[in-house]
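Just below is one structure, and these are the notes that go with it.
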Amino acid sequence: MLRKEIIFMLVAAILIIGAGSVWAQEAKGESKQAGSSSALPLVTAGFAMAIAAAGCGYAQSKALTAACEGVSRNPGVADSIRVFIFLGLAFIEFLALLTFVVALLVYAK
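Following this line, the structure appears as structure tokens:
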């Protein structure tokens, strides 16, 4: 039950933080001044990278845990598990790098 409450609170916090951009929109007919810039893309990029880093860290820890358990149960397949764990960690890290690239593209726009 505690896990569901934590997930609910996390989703609620993300929605509350994201709702601020709705009220920050310009009214119809108003134009943006030439010198002003919005910090919203920077904040969005920061949150995206934070969530991606947390997710990748969790996924990597679960993958390494499973690999260590597999090697401890059957030490004869350590070389085979090592190859697959490096491949899996590379794919997991690619997700964080892809998020970084998308965040840069959003910020550059």
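Numbers 291 to 399, taken from the working numbering, label the letters of the sequence shown in order.
Note that CB positions come from ideal geometry on N, CA and C, so glycine has one too.
Environment of A393 [buried if 16+ CB atoms lie within 10 Å]: buried
Pair within 7 angstroms by beta-carbon distance, A386 and A342: yes
Cβ neighbour criterion (16 or more within 10 Å) applied to A335: buried
Candidates K294, D369, G378, I306: closest to S351 by CA position: G378
Simplified DSSP assignment, three categories, for A398: helix
V301 to I382 span [Cα, whole Å]: 23 angstroms
For G347, the first and last residue of its enclosing alpha helix (DSSP H): 330 to 363
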